[in-house]
Ligand code: FES
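Residue numbers (the UniProt record's numbering): 1 to 273.
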């Protein structure tokens, strides 16, 4: 059993959970994910690691309460235990040779972008972190993000905090201002990652995206995370979750990720009733 050591509500539907999982924490790296089951009858869900502490033996996950299992997780409290917590899974992000980077997070994706920015920052890389949210109420982990980069640019759709507009506007502005990034890392909704890639392509900047959102069972068996990268079939859970964004067929991935919407909706309604 894996105990919840800390629970913190970050916004109306987002919670942060610190889990006692020393064996996972021992090997966890940015970009990797875990699979958990709330109870013996629960579904297995993959969640990307938001932070790890090898000394304390803890893994932090940030959960948006949008589905049946994430809603159950949101109702759990400090001291409660998860039935299963397996990981770290997936390939760790690669950071060799990077001197200057832009890390772009969108919404909940900022919780996953955070360990990437932190690791780069700790390695002495000059990191611009661009974090986009719908509005000021949706902003999460602002202090943690500030501590994980050289400069934080906050962007909101409605301008209620930081710059008004999209992360792509802020990124283009920074590139046009003469920042020479070795890499741009984008993590968030697929449509955001698609347009970050469209923004960086004309400048020839290597762009890495995390396709964690399309994973289902996370073990390479269900086929749910199949995507096309550079004309080849890949699986996000075993070949990724990180991929060269300029090679990803986002339109196909977005179509495929909508396939299970009716079942997800039915499970969510069942959980709410
Ligand atoms: Fe099932 Fe990758 S999530 S095969």
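By construction, the Cβ of each residue, glycine as well, lies at the ideal position given by its N, Cα and C atoms.
Report the residue from the options whose alpha carbon sits nearest the alpha carbon of residue i.
i: residue 130; options: 137, 122 and 162; result: 162
i: residue 230; options: 256, 11 and 243; result: 243
i: residue 239; options: 48, 89 and 122; result: 89
i: residue 344; options: 92, 18 and 42; result: The chain is shown from 1 up to 273; residue 344 falls before or after that span and cannot be answered.
i: residue 43; options: 71, 53, 127 and 155; result: 71
i: residue 11; options: 138, 187 and 194; result: 138
i: residue 78; options: 141, 142, 9 and 25; result: 9
i: residue 101; options: 119, 6 and 92; result: 119
i: residue 193; options: 36, 245 and 169; result: 245
i: residue 40; options: 81, 46 and 20; result: 81
i: residue 180; options: 204, 195, 160 and 76; result: 204
i: residue 143; options: 135, 186 and 152; result: 152
i: residue 146; options: 111, 158, 175 and 233; result: 111
i: residue 52; options: 32, 69 and 25; result: 25
Any chance the CB of residue i is under 6 Å from a heavy atom of the ligand FES?
i: residue 81; result: no
i: residue 218; result: yes
i: residue 235; result: yes
i: residue 225; result: yes
i: residue 215; result: yes
i: residue 301; result: The structure shown has nothing for residue 301, since the chain only spans 1 to 273.
i: residue 110; result: no
i: residue 149; result: no
Along the beta strand (DSSP E) that carries residue i, what are the first and last residues, could you check?
i: residue 20; result: 14 to 20
i: residue 232; result: 232 to 235
i: residue 58; result: 58 to 64
i: residue 244; result: 242 to 244
i: residue 180; result: Careful: residue 180 lies outside any beta strand (DSSP E) and carries neither H nor E.
The alpha helix (DSSP H) spanning residue i covers which residue range?
i: residue 195; result: 190 to 200
i: residue 70; result: 68 to 75
i: residue 169; result: 167 to 176
i: residue 251; result: 250 to 257
- Could you give the uninterrupted runs of the beta strand (DSSP E) lying entirely in the stretch 88 to 161, keeping only those of 3 residues or more? 100 to 106, 126 to 133 and 151 to 156
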